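Engineer: Below are the structure tokens for one structure; questions will follow.
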Amino acid sequence: KYITTNFSDNTSFTINKLQQKTILLLCIATMWGSRSDIGTLQTRNVRFKLDNDAYLTGVILFIRAPKEAQQKHSALGTLSQKSM
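To convert, note that position 46 of the sequence shown is 46 in UniProt numbering; the numbers rise steadily by one, no gaps.
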């Protein structure tokens, strides 16, 4: 309910709010817990991919200081369901 109440209208969001929504949905959609590397994500680590018409096509998440090894990233695509 929190996401529906606070993050449902993407059209009026700032970039910062979209980055927060991305991190929140990623936490829910994966098995990464808040104490894992996902807990170190900051809004500056979220980069949106846009097409030539400035439509969102995906997102890249960077984890700069993972618990193990080197910096890593995840590239994600978009959902066709606009209500998310």
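For glycine and all other residues, C-beta sits at the position ideal for the given N, C-alpha and C.
Predicted model only: the values in this text are computed from it and were never measured.
1. Considering residue 43, what are the terminal residues of the beta strand (DSSP E) in which it resides?
2. Tell me which same chain residues have a C-beta within less than 6 Å of the C-beta of residue 34, skipping the five on either side of it?
3. Cα separation between residue 13 and residue 20?
4. Under a three-way DSSP split, which group does residue 8 fall into?
5. Between which two residues does the beta strand (DSSP E) holding residue 62 run?
Structural biologist: So, to answer that:
1. Where residue 43 is concerned, there is no enclosing beta strand (DSSP E), given that its DSSP letter is neither H nor E.
2. Residue placement at residue 34 is poorly supported in this model, since its pLDDT is 49, which falls under 50; the coordinates are not used for a value here.
3. Near 10 Å, if we compare the C-alpha coordinates of residue 20 and residue 13.
4. coil
5. The continuous beta strand (DSSP E) containing residue 62 extends over residues 56-63.
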